[in-house]
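Take a look at the structure below.
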Amino acid sequence: MIAILTKTLAILSGREKKQWAWLTAFSLLISIADIGSLALLLYIIHFYTQTVDPTTAISPILGEPMAQWLFNRSSLVLITLFFIVFALKNLAAYLIHARQIKFVHQVASRISRNNMLQYLEGNYADYIHTDSSVFSRRISLQPLEFCQHVLTPMQQVFTEVVLIILTIIAILVFNAQLFLLLLIILLPPVILAGWFTRRKLHTARNYIKSSSITMWQNLQESIAGFVESNMYDKNDFFTERYATAQQTHNKHLSSLQSIQALPARLAEVFAVFGLLVLIAISNGQYATQIVTLGAFMAAAYKIIPGIARILNSTGQIRTYSFTIHELVQQGKTVEPQPTNNTAPIHSITLEQVGFTYDHTPVLKNFSCQLQPGDFIGIDGHSGKGKTTLLNILLGFITPQTGEVCINHQPTTSQQRKQYWDQIAYVKQQPFFINETLLANITLNDTSYNMQRLQKALDIAGISEWLPALPAGLNTRLTEHGKNISGGQRQRIALARALYKEANLIILDEPFSELDEKAEEILFHHLQQLVAAGKIVILITHSKKSIQVCNKIISL
């Protein structure tokens with residue numbers, strides 16, 4: 001647990017550590033107030049059940065009038081004051097609890113934001129080889145799991161341990177024999193429940209993690225496979241596949257919650273047994289035994305939930321400890337992000353570049369030179385290395401042989417990323433966000449250059465059909481741009497690249513869904529950009545399109 005605590009604190013920021021410490025301290029004060037209120041309640045019970053008039057002993061200290069007003073058993077002043085204090089204590093406890101919940105969700109939001117940034121700034125190989133459901137879970141669920149099942153229980157364990165210690169001290173002062181009875185009665189169920197839950201939770205931990213990943217994966221695939229599922233009449237297959245994964249995950253969660261209910265129930269049985277023993281040996285000493293029974297009940301029903309919460313909390317912490325290790329590891333593996341290189345791109349040279357994927361050569365001793373004014377066409381069959389070449393050029397992957405020079409200087413993958421600000425890239429499958437058309441072009445609808453935007457809209461041919469949209473530029477596109485045509489999607493992707501006004505423009509099959517007239521207009525503008533000193537790289541299978549280029553690379 002010490003190692004888990006150390007790693008947990010390492011995940012929190014400096015400000016969050018201070019907040020966590022203060023909230024823990026306030027929770028501890030509330031726990032002490034709980035003990036004090038129970039002690040005061042016992043005193044009030046004793047006060048109203050004793051045979052001796054309490055004002056006799058109090059009068060010399062407070063005076064006769066005050067003693068009669070405050071400590072007269074026929075008066076309700078003492079009960080009223082106790083009720084007010086008890087209510088204020090519970091109000092403070094509620095406010096602190098509400099602040100703790102807010103704090104936990106603030107931490108979860110901060111971690112989730114960091115996880116998203118780490119994903120976007122992460123390694124390209126992870127993006128390619130890791131299932132998207134793993135990233136989705138890591139960004140969305142992992143922070144909540146850590147905060148709800150590790151951070152909050154850890155604070156609860158600390159508070160409950162201190163509370164139980166204070167309760168034990170109070171019982172020892174009040175009646176040492178009563179403490180011995182509590183120890184004999186409550187120790188066996190605690191040991192038994194702890195042993196049983198630890199075994200079960202260890203198994204549940206692995207199942208919960210693996211079943212959660214499978215559930216998310218099946219969910220995303222079922223949603224993405226809408227067309228294929230209907231075309232191949234496989235709706236039942238996808239539904240059953242996801243439902244089975246969801247049911248398995250829920251089964252493990254329900255098993256975890258069932259196990260957590262055991263310690264409290266087991267301890268309650270033994271506590272009632274102890275209470276019955278006390279009643280049996282009371283021998284009719286009602287006044288004394290009422291207080292003793294009250295003390296036993298107060299202690300037992302304060303210690304029992306505390307022990308149960310400690311066992312449940314430590315079980316949760318161990319079950320979800322994998323989130324701690326993942327968060328700590330993520331912090332260590334983040335790559336430093338490059339700063340933008342503002343030097344214009346005057347030349348790009350690939351010298352004897354080679355790359356092998358799964359023991360299959362994709363590029364072998366490839367060389368070429370690009371410079372401003374080049375309109376480069378790249379063609380080749382699938383699997384010949386076109387995408388690999390672009391990824392090497394962009395710095396996503398590192399060539400295994402050869403080197404890439406920019407402005408006659410050899411560069412690493414990290415150094416090539418410094419030029420991203422000068423590069424626009426249109427992928428074969430355009431990317432869209434569930435936002436307005438404007439936001440999909442500028443990727444930031446709060447600040448944009450209207451002159452550049454209008455120019456991009458005109459060249460991409462969007463201005464022709466923009467008035468027909470219900471809200472113009474503010475028309476919202478659905479997920480993956482599914483509410484517009486394929487040609488419109490390509491035009492928006494091209495407009496995004498043109499709006500950037502980059503020095504290097506990379507186009508991967510950008511005209512496959514455009515008509516011949518639109519293609520000619522775009523080619524004419526691209527030739528103007530090339531004449532102005534831009535570099536354009538076009539990947540295409542079209543023989544007609546490749547003939548427009550002034551350099552051709554065949555792979």
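In terms of the UniProt record's numbering, the sequence shown opens at residue 1 and continues consecutively. Note that beta-carbon positions come from the ideal geometry of N, C-alpha and C, so glycine has one too.
Note to self: Could you tell me the alpha carbon to alpha carbon distance between Gly306 and Ile2, rounded to whole angstroms?
What the structure shows: Straight-line Cα distance between these residues: approximately 20 Å.
Notebook entry, point to check: Are the segment 386-404 and the segment 122-133 touching by the rule of at least three beta carbon pairs closer than 8 Å?
Noted result: Taking 8 Å as the limit for Cβ pairs, the verdict is that the segment 122-133 does touch the segment 386-404.
Next item on the list: For the alpha helix (DSSP H) containing Lys89, list its first residue and its last residue.
Entry: Counting along the chain, the alpha helix (DSSP H) containing Lys89 begins and ends at 77-120.
Notebook entry, point to check: CB Glu16 to CB Val107, shorter than 8 Å?
Noted result: Cβ distance < 8 Å, so Glu16 and Val107 count as in contact.
Item checked: Strand pairing of Glu403, partner residues [DSSP] -> Glu403 is bridged to Glu351.
Checklist line | Whether Ile4 touches Ile324 by CB criterion (8 Å) | finding: Cβ distance < 8 Å, so Ile4 and Ile324 count as in contact.
Checklist line | Proximity of Leu457 and Ala493 at Cβ, strictly below 8 Å | finding: Here Leu457 is not near Ala493, since their CB atoms are 8 Å or more apart.
Check: Of the choices Ser447, Phe135, Leu41, Lys386, whose alpha-carbon is the least far from that of Val85?
Finding: The option with the nearest alpha carbon to Val85 is Leu41.
Next item on the list: Look at the Cβ atom of Phe82, then the Cβ atom of Ile44, and state whether they are nearer than 8 Å.
Entry: With contacts defined by Cβ atoms closer than 8 Å, Phe82 and Ile44 form a contacting pair.
Check: Lys543 by DSSP, collapsed to three states: which one?
Finding: Looking at Lys543 - three-state DSSP - the assignment turns out to be helix.
Next item on the list: Could you please give the first and the last residue of the uninterrupted beta strand (DSSP E) stretch that includes Tyr425?
Entry: Unbroken beta strand (DSSP E) run through Tyr425: 423-426.
Next item on the list: Check whether the segment 437-444 touches the segment 462-482, taking contact to mean three or more Cβ pairs, one atom from each stretch, closer than 8 Å.
Entry: Contact between the segment 437-444 and the segment 462-482 is present, because at least three Cβ pairs lie under 8 Å.
Note to self: Taking a contact to mean a Cβ-Cβ separation below 8 Å, would you say Thr314 touches Val353 in this structure?
What the structure shows: Val353 sits away from Thr314, with the two beta carbons spaced by 8 Å or more.
Notebook entry, point to check: In the structure shown, what three-state DSSP assignment does Leu477 receive?
Noted result: Residue state, collapsed to three classes: coil.
Note to self: In whole angstroms, give me the CA-to-CA distance for Gln369 and Thr130.
What the structure shows: In a straight line, the C-alpha of Gln369 is about 34 Å away from that of Thr130.
Item checked: Nearest to Gln490 (by Cα), restricted to the options Leu514, Ser140, Tyr94, Ile169 -> Taking only the C-alpha atoms, the option nearest Gln490 is Leu514.
Margin query: If we require 4 or more residues per run, which alpha helix (DSSP H) segments fall completely within the segment 455-518?
Written below: Given a length threshold of 4 residues, each whole run of the alpha helix (DSSP H) inside the segment 455-518 is given here in chain order: 462-465, 486-500.
Checklist line | Under the three-state DSSP convention, the category Leu12 falls into | finding: Coil at Leu12, not helix or strand.
Item checked: Opposing strand residues paired with Tyr357 [DSSP bridges] -> In the DSSP secondary-structure assignment, Tyr357 is bridged to Thr360.
Next item on the list: Could you tell me which of Ile11, Gln371, Gln429 sits nearest to Phe480, measuring between CA atoms?
Entry: One point to set straight first is that residue 480 is His, not Phe, in the sequence displayed. Among Ile11, Gln371, Gln429, the Cα nearest to that of His480 is on Gln429.
Check: With C-beta atoms as the reference, is Arg137 less than 8 Å away from Ile223?
Finding: In this structure, Arg137 sits away from Ile223, with a CB-CB distance that is not shorter than 8 Å.
Item checked: Contacts around Leu507, its chain only, beta-carbon distance under 6 Å, and the 5 residues preceding and following it disregarded -> Within its own chain, the residues whose Cβ lies closer than 6 Å to the Cβ of Leu507, once the five positions on either side in sequence are excluded, are Val426, Leu538, listed in chain order.
Notebook entry, point to check: Secondary structure at Gly225, three-state DSSP: helix, strand or coil?
Noted result: Gly225 carries a coil assignment under DSSP once its states are collapsed to helix, strand and coil.
Margin query: Would Val536 and Leu522 be called neighbours here (beta carbons separated by less than 8 Å)?
Written below: Not a contact, by the Cβ cut-off of 8 Å.
Check: From what residue to what residue does the alpha helix (DSSP H) around Pro410 run?
Finding: Looking at the DSSP string, Pro410 is not in any alpha helix (DSSP H); the run it does join, the beta strand (DSSP E), is 409-411.
Notebook entry, point to check: Which two residues bound the contiguous alpha helix (DSSP H) that contains Lys534?
Noted result: Lys534 -> no alpha helix (DSSP H), and no H or E assigned at all.
Next item on the list: Take Ser542 and list the residues in its own chain whose beta-carbon comes closer than 6 Å to its own, dropping the five residues that flank it on each side.
Entry: Cβ contact annotation for Ser542 (same chain, cutoff 6 Å, sequence separation greater than five): none.
Checklist line | Length of the line joining the Cα atoms of Cys147 and Ala10 | finding: So the two alpha carbons sit approximately 14 Å from each other.
Margin query: On the DSSP letters alone, give me the boundaries of the alpha helix (DSSP H) that Lys386 sits inside.
Written below: Its alpha helix (DSSP H) spans residues 386-394.
Notebook entry, point to check: In three-state terms, what does DSSP make of Phe431?
Noted result: Of the three classes helix, strand and coil, the one that applies to Phe431 here is coil, per DSSP.
Margin query: Less than 8 Å between the C-beta atoms of Leu504 and Ile423, yes or no?
Written below: Contact: yes.
Check: When the Cα atoms are used, what is the spatial distance from Gly14 to Leu163?
Finding: Answer to the nearest angstrom: the Cα atoms are 27 Å apart.
Notebook entry, point to check: So the alpha helix (DSSP H) Ile441 belongs to, where does it begin and stop?
Noted result: Unbroken alpha helix (DSSP H) run through Ile441: 437-442.
Item checked: Cβ neighbours of Tyr286 in the same chain (closer than 6 Å, five flanking residues each side left out) -> Bear in mind that a pLDDT of 48 at Tyr286, under 50, signals an unreliable position, so the number given afterwards is only what the model happens to contain. Answer for Tyr286: no residue qualifies.
Next item on the list: Output the distance between the C-alpha atoms of Lys544 and Asp379, rounded to the nearest integer angstrom.
Entry: For Lys544 and Asp379, the distance between alpha carbons rounds to 12 Å.
Check: Out of curiosity, what's the CA-to-CA distance linking Met215 and Met116?
Finding: Computed Cα separation, rounded: 20 Å.
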